[in-house]
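Report on one structure; see the data block that follows.
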Amino acid sequence: MRLEDMKCVASIGGGVIGSSWTLLFAMRGLKVWQYDINQEQIDNCVKNIGRNIDSLLEFGAIQADQVESIKSRISYTTSIAEAVKDAQFIQENGPERLPIKQSILAEIEAAAPVDAIYASSSSGLLISDVTAHAVHPERCVGGHPYNPPHLIPLVEITYSGKTDQSNVQLAKAFYQSIGKEAVVLNRECPGYIANRLQLAVYREMIDLVMRGVCTAEDADKALTFGPGIRWAIFGHNMIMQLGNPGGLKGMMAMLGTGGDVWLADMADWKHMPNEKYGEIAQASVDEMMKNFPDEVGHTNPEIAKYRDKMLIEILKLHHKF
Ligand SMILES: NC(=O)c1ccc[n+]([C@@H]2O[C@H](COP(=O)([O-])OP(=O)(O)OC[C@H]3O[C@@H](n4cnc5c(N)ncnc54)[C@H](O)[C@@H]3O)[C@@H](O)[C@H]2O)c1
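Each number in the numbering used here corresponds to the 1-based position in the sequence shown with 57 added.
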């Protein structure tokens, strides 16, 4: 299989992630077969895609004359065999349960061309487990998006010991060809890269709030208007590089053991205090929503719309639209 031959994609499962992948594939000129288990799920998927197209239009990420051609590239089906039979790339977006992922893969393998690449959107399962019973594990990778995949550029690619390295490179090239920023993990690990980084920050944030150092509202403000706004441009290694005339190495030498005092005081617990934190932090988050300017909004749907508008503005600066 060559990248130039990859023109038809199957998107298996059309929920939050599947419908967003499908929209991205169609926006990038690919023919897409969208599969879901019944007509009701297909109808929801069509609605999701329609809503996402409406916001892309409203925020200037696509033009009105593109809408019909994007929609015309998507075909919907409740037959998995029909979805995959002509596909060169298959993005699996079913429920996050290992037995379901394995049975979806078996259904795919029964009907897909043997050289079609299979990529699972799984957020946390190891691709070696998902493909444990695969007939062709050599063409299987993990392709973990960040929600929503039609906007957020990152995709994390993982592979098992049985995956053919040329297929890893092909999957990477395919994702890059549709504008994704693809990173390949050199070895499998739970949570991959981005979710682990996110959780490390969130653990500390939760700890600061639970210790009474700050409110959830102020922790969010510190993140958004401090490191977060820089992280939308460069990762932390590049931020360190820019922080010292000697670059990252100079910065590390300058910091010396200065961070050790902080590290000694920082959270290192291994169980998420989810319920307790929910109880403590919700009132502060409600207050934050009340305090937002009207332009941002005061309800979840209003604020989510503002988030998407701002995401598109940032992505335009990154030349992603
Ligand atoms: N939601 C996120 O933020 C996010 C981010 C990255 C990755 N993911 C991963 O993407 C995958 C899908 O997550 P989601 O949030 O879209 O879930 P979802 O519940 O919104 O969608 C799942 C879809 O799979 C369909 N489905 C159910 N059984 C199926 C089967 N046997 N075969 C095919 N499809 C089936 C459902 O009808 C539904 O449309 C999961 O593996 C999840 O971990 C989710």
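For each residue, glycine too, the CB sits at the ideal point set by N, CA and C.
No experiment lies behind these values; they were computed from the predicted model shown.
Coarse secondary structure for residue i, derived from DSSP in three states
i	result
lysine 88	strand
valine 192	coil
cysteine 197	strand
tyrosine 216	strand
phenylalanine 82	helix
leucine 162	helix
leucine 211	strand
glutamate 153	coil
alanine 67	strand
alanine 118	coil
arginine 177	Correcting the residue identity first, residue 177 is serine in this sequence and not arginine. Residue state, collapsed to three classes: strand.
glutamine 148	strand
serine 136	coil
isoleucine 131	strand
Residue i burial status per 10 Å Cβ neighbour count (16 or more: buried)
i	result
leucine 299	exposed
asparagine 105	buried
glutamate 336	exposed
phenylalanine 146	buried
glutamate 213	buried
glutamine 98	buried
glutamine 91	buried
alanine 121	exposed
asparagine 204	exposed
asparagine 32	Outside the shown range of the chain, which is 58 to 378, sits residue 32, and nothing can be said about it.
threonine 79	buried
valine 89	buried
alanine 274	Alanine is not the amino acid found at residue 274; the sequence shown has glutamate there. Result: buried.
aspartate 93	buried
Supposed contact pair residue j and residue i - C-beta distance, whole angstroms, cut 8 Å
i	j	result
alanine 324	valine 266	Contact doesn't hold; Cβ gap of about 11 Å is too wide.
isoleucine 127	isoleucine 110	7 Å
proline 330	isoleucine 263	7 Å
glutamate 195	threonine 215	Glutamate 195 to threonine 215, Cβ: 15 Å. No contact.
glutamate 149	serine 178	6 Å
lysine 158	valine 187	5 Å
glycine 236	lysine 377	6 Å
alanine 239	tyrosine 249	Actually they do not touch by this definition, with Cβ atoms about 12 Å apart.
asparagine 301	methionine 308	4 Å
leucine 305	methionine 311	Actually they do not touch by this definition, with Cβ atoms about 11 Å apart.
Rounded separation between residue i and residue j - CA only
i	j	result
histidine 201	glutamate 166	20 Å
alanine 176	valine 270	43 Å
threonine 281	histidine 293	15 Å
tyrosine 259	aspartate 62	42 Å
asparagine 357	glutamate 332	20 Å
glycine 354	valine 171	49 Å
asparagine 95	tryptophan 319	53 Å
threonine 72	aspartate 351	According to the sequence provided, residue 72 is glycine. The question's threonine does not apply to it. Distance between the alpha carbons of glycine 72 and aspartate 351: 31 Å.
glycine 404	alanine 289	Nothing about residue 404 can be reported from this structure: the residues present for the chain run from 58 to 378 only.
glycine 86	serine 77	15 Å
serine 185	serine 217	5 Å
serine 160	phenylalanine 349	46 Å
threonine 134	asparagine 101	13 Å
lysine 366	proline 206	15 Å
3-residue-minimum beta strand (DSSP E) runs that sit fully inside the segment 230-310, ordered along the chain: Fully enclosed beta strand (DSSP E) runs of no fewer than 3 residues occupy 238-241 of the segment 230-310, in order along the chain.
For a minimum of 4 consecutive residues, which ranges assigned as the alpha helix (DSSP H) are wholly contained in the segment 319-362? Listed in chain order, they are 331-348.
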